[in-house]
Amino acid sequence: MPSRHRCLALLLLAALNAAPLAAQEGIDVGKPSALRRLVPAEQIERQAGQEYEQLKQQAARQRALAPADHPQARRLQAIARRLIPFAERFNPRAGQWRWEVNLIGSRDINAFCMPGGKIAFFTGLVEGLKLTDDEIAVVMGHEMAHALREHAREQTAKSGLTQLGASLLGQFVGRGQYADLFQFGGNMLSLKFSRDDESEADLVGLDLAARAGYDPRAGISLWQKMGQASGGGGNLAWFSTHPAGKDRIGDIRRHLPQVMPLYENARKATEKK
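Per mature numbering (1 follows the signal peptide of the UniProt record, and there is no 0): the sequence shown = residues -23 to -1, 1 to 250.
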């Protein structure tokens, strides 16, 4: 084989060998469920936006909605700004969403991201558990993942509740302080993300956090804190919609090799700036 052809063959072989490594970069959760197509994305995002506004209004009436310049609210906004640029990797629609992040004063240990990018954190989670920025990023990535992978849209389709008026927010707020606002929602309140949805959101959340330069190993310390809080009988509204299975930390540990390189690359890129 001529030297030139040998070089080309070696380059091709190297490319073929490298392809699986490139494909394994980060988390690959496959395509979302086709069931979600039974419910128009625009419909569920519009409904979610309306319910999010209702929640904000009630929180404001109770003087529980933190102003945008609140230190913890600014902290959440800064973390969101780093995660959001990577959202389109999991859902092209995310580039059109009007993302919003708010902090609500409540002892409930809770957080959520509704369809369309409407995020809320409760002080019971952020301050009550004394979360680090890395831990907040993992929680936020997890909640964003539910919206990006359209789990609420899928669960709505499965339940047959395709009509507007049923409360979407019930499945995010759970049994916490603000749940009574949405009692008119009927069966929608009984919707829960499946175990597969939760596992998927954990992994996508780790990916988002790592790409944004947050340490995905914080997922372990986060769930350790959650476990301690659940044993203390706190206001764990989050657990009514996010069951803490015993295998959750183990699952995170198993997938760290897929996301740690993303974190290291992001950290190095930040250091060069």
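Just so you know, even glycine gets a beta-carbon here, dropped at the ideal spot from N, CA and C.
In the DSSP annotation of this structure, ASN87 is not part of any alpha helix (DSSP H), being labelled neither H nor E.
For LEU125, same chain residues with a beta-carbon under 8 Å away, outside a window of 5 residues either side, are ALA64, PHE67, ASN68, ALA71, VAL181 in chain order. Shown here, ILE96 sits in a strand according to DSSP, grouped into three states.
The count of Cβ pairs closer than 8 Å, one atom from the region 116 to 136 and one from the region 230 to 238, stays below three, leaving the stretches out of contact. About 7 Å separates the beta carbons of LEU183 and VAL115, which is inside the 8 Å limit, making them a contact pair.
In the structure shown, GLU19 falls within a helical segment according to DSSP collapsed to helix, strand and coil. LYS249 and LEU239 have their C-alpha atoms spaced approximately 16 Å apart. Around the CB of ARG75, fewer than 16 other CB atoms lie within 10 Å, so the residue is classed as exposed. Scanning its chain for C-beta atoms nearer than 6 Å, with the 5 sequence neighbours on each side dropped, one finds around PHE98 the residues LEU53, LEU80, ALA88, in chain order.
DSSP places GLU2 in no beta strand (DSSP E); its state is neither H nor E. Bridge partners of ASN79 according to DSSP: ALA97. Taking C-alpha positions only, GLU177 is separated from ARG58 by approximately 22 Å. Taking the C-beta atoms as reference points, ILE21 is found nearer than 7 Å to PRO92. CA-CA distance, ARG244 to ASP110, rounds to 14 Å.
Under DSSP, LEU42 forms a beta bridge with ILE81.
Take the alpha-carbon of TYR29 and the one of LYS95: they are about 7 Å apart. Just measuring C-alpha positions, the residue of GLU2, GLN132, VAL78 sitting nearest LEU42 is VAL78. GLU120 carries a helical assignment under DSSP once its states are collapsed to helix, strand and coil.
Cβ contact annotation for HIS128 (same chain, cutoff 6 Å, sequence separation greater than five): PHE170, ASP174, in chain order. Excluding its 5 nearest sequence neighbours in each direction, HIS119 has C-beta neighbours in its own chain below 7 Å: ALA178, ASP179, GLY182, listed in chain order.
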